[in-house]
Amino acid sequence: MAEEAEAEAAEADALAAAARARARAIRLRRQAASAEDPAEGGATAAATATEVVPAPAEKDAGDDAQGTHDGHAEGADGGAADGADGADVAEGEVTGAAVTEAKRSWRRVPSRRVLARVALGVTIGLICALLAASGSMVWQHRSAAAERHRSAEFAAAARQGVVSLMTLDFNHAKADVQRVLDNSTGEFRDDFQSRADDFTKVVQDSKVITKGTVNATAVQSMHGDSAVVLVAAASQVTNATGAQNEPRAWRLSVTVQRDGGQIKMSKVVFVP
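Counted the way my numbering counts, the sequence shown spans residues 0 to 271.
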């Protein structure tokens, strides 16, 4: 019995020494873990250390000591491991949140390439708008210039026709009548030509000399190759009945029309 008791005591001492060595190793690992995360690791180790693994009832005092040391060692080891795992999880969650927030920020903020494309599109649109506006202005200017040119041509033709009609001299009546015919067309020319001989005879018999001038012209309307021109004219008349440079004022509505390469009178109406 004495030898058996001594053997059990030696075995208990060996187990106790092993437990102490294990506990020392656990403390070293716990210190290393606490250095990485002092607050979290310490709290986890303390909470875990309070959990003691119950020993079997059949064990003696040596077994109880060994169980107690093993429980503390395993609790400390588990606490350190849990602390490290918790730190890894927390770090992973923080990293994941940062990545998610970065992605959201990247989605919210356009890239430089997108901004450059938008700026290029806006610039091209402005250039096109300016070109269109410039083209429209040039077209309008040219159209207005062309209208002014046509108006001036019609007014000049009406002026020349009225001066020819009101400037007569009985000494060369036939040439003056022919000049009127050369500056007329259409209805007016047909009507004047049908009475040209009678008109020439009246001018010669009355010894008429008239000199016509145009004071003003205004284009009332234009339609393609024709226009209606209002003319204010005056004439000085000398004849055999006693008139000596007698002034007379006239207002006429003259329709002019392009005939070939020349604009001629096609209708003359004396306005009261």
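Where a beta carbon is used, it is the ideal one built from N, C-alpha and C, also for glycine.
- Leaving aside the five residues that flank residue 235 on each side, the residues in its chain whose CB is nearer than 6 Å to its CB run, in chain order, 210, 244, 246.
- The alpha-carbon of residue 231 is positioned some 6 Å away from that of residue 216.
- DSSP places residue 139 inside the alpha helix (DSSP H), whose first and last residues are 111-165.
- For residue 225, the uninterrupted beta strand (DSSP E) segment begins and ends at 225-237.
- In the displayed model, residue 15 falls within a helix according to three-state DSSP.
- Comparing alpha carbon positions, the residue from 206, 267, 173, 31 closest to residue 196 is 173.
- Taking all protein chains shown into account, residue 270 has fewer than 16 neighbouring C-beta atoms within 10 Å of its C-beta and is therefore exposed.
- Rounded to the nearest whole angstrom, the C-alpha separation of residue 154 and residue 168 is 25 Å.
- For the pair of segments examined, the segment 252-270 was found to touch the segment 142-160: the number of CB pairs separated by less than 8 Å reaches three.
- Under the three-state reduction of DSSP output, residue 170 falls in the helix class.
- As the crow flies, the alpha-carbon of residue 140 is around 30 Å from that of residue 213.
- Judged by DSSP secondary structure, residue 261 falls within the beta strand (DSSP E) whose first and last residues are 261-269.
- Annotation: the continuous alpha helix (DSSP H) that includes residue 202 extends over 195-205.
- Spatial neighbours of residue 238 in its own chain (CB-CB distance under 8 Å, excluding positions within 5 residues in sequence) are listed in chain order as 205, 206, 207, 208.
- Beta-bridge annotation (DSSP): residue 179 is not paired with any residue.
- Non-local C-beta neighbours of residue 188 in its own chain, meaning closer than 7 Å and more than five positions away in sequence, comprise 180, ordered along the chain.
- By alpha-carbon distance to residue 250, the top candidate from 126, 241, 146, 267 is 267.
- For residue 215, the uninterrupted beta strand (DSSP E) run begins and ends at 208-222, by DSSP.
- DSSP links residue 250 through a beta bridge to 231.
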